[in-house]
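A.B. asks: If you read the sequence shown in the working numbering, its first letter stands for residue -1, the second for the next number, and so on. We put the CB at the ideal spot given by N, CA and C, even for glycine. Being a predicted model, the structure only gives us computed values, none of them experimental.
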Amino acid sequence: MLPNRMALSRQTEDQLKKLRGYTGITPNIAARLAFFRSVESEFRYVPGQDSKKLDGFLVLDKITWLGETLQATELVLRMLYPQLEQKAVIKAWAGTC
-1 MLPNRMALSR
9 QTEDQLKKLR
19 GYTGITPNIA
29 ARLAFFRSVE
39 SEFRYVPGQD
49 SKKLDGFLVL
59 DKITWLGETL
69 QATELVLRML
79 YPQLEQKAVI
89 KAWAGTC
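#1: Which class does R3 belong to by DSSP, given the choice of helix, strand or coil?
#2: Quick one: is M77 buried, meaning 16 or more other Cβ sit within 10 Å of its Cβ, or exposed?
#3: Since P45 is in the alpha helix (DSSP H), which residue starts that stretch and which ends it?
#4: Grab me the residues of P1's own chain with a C-beta within less than 8 Å of its C-beta, minus the 5 sequence neighbours each way, in chain order.
#5: Got a sec: does the ligand NAP put a non-hydrogen atom nearer than 6 Å to the Cβ of R30?
#6: Please confirm whether T71 and L64 have their CB atoms less than 7 Å apart.
#7: Is D53 closer than 7 Å to R18 when the C-beta atoms are compared?
#8: Look at the alpha carbon of E11 and the alpha carbon of A28, and state the distance between them as a whole number of angstroms.
#9: Is the distance from the Cβ of A92 to the Cβ of V57 below 7 Å?
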């Protein structure tokens, strides 16, 4: 479902890097936590309201971004956004991090 290589927006990437400086939690782990926390808080990505570009410099493999949560993340995305195309699903994932 998700491509093998993924990036975030620069703004999100910068926030994750700052968080790493404060806590020592790496950006990929923080992104996993942020995704599931956003799902728990009932945040939903709305394609028409998103103007962010996925222009971050930190491009990682899907397995690095998602780790052991890979299958769960893809399943949740498929459940929440069954109508979205792959590019929009990537933005949905990146928009919740």
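C.D. replies: Taking the coordinates as given:
#1: Translated into the one-based positions of the sequence shown, residue 3 becomes position 5. Three-state result, R3: strand.
#2: By one-based count along the sequence shown, residue 77 stands at place 79. Burial call: exposed.
#3: Counting from 1 along the sequence shown, the entry for residue 45 is found at position 47. Run containing P45: none; DSSP gives neither H nor E here.
#4: Counting from one through the sequence shown, the residue named residue 1 turns up at place 3. So the list reads K60, Q84, I88, once near-sequence residues are dropped.
#5: Looking for the ligand NAP in the displayed structure turns up nothing, as the structure carries no ligands at all.
#6: If you number the sequence shown from 1, residue 71 lands on position 73. If you number the sequence shown from 1, residue 64 lands on position 66. Yes, these two residues count as a Cβ contact at 7 Å.
#7: Position 20 of the sequence shown, counted from the first residue, corresponds to residue 18. Position 55 of the sequence shown, counted from the first residue, corresponds to residue 53. Cβ atoms of R18 and D53: not closer than 7 Å.
#8: Indexing the sequence shown from 1 puts residue 11 at position 13. Indexing the sequence shown from 1 puts residue 28 at position 30. When rounded, the distance between both Cα atoms is 10 Å.
#9: As a position in the sequence shown, residue 92 is number 94, starting the count at 1. As a position in the sequence shown, residue 57 is number 59, starting the count at 1. Not in contact: A92 and V57 (Cβ atoms no closer than 7 Å).
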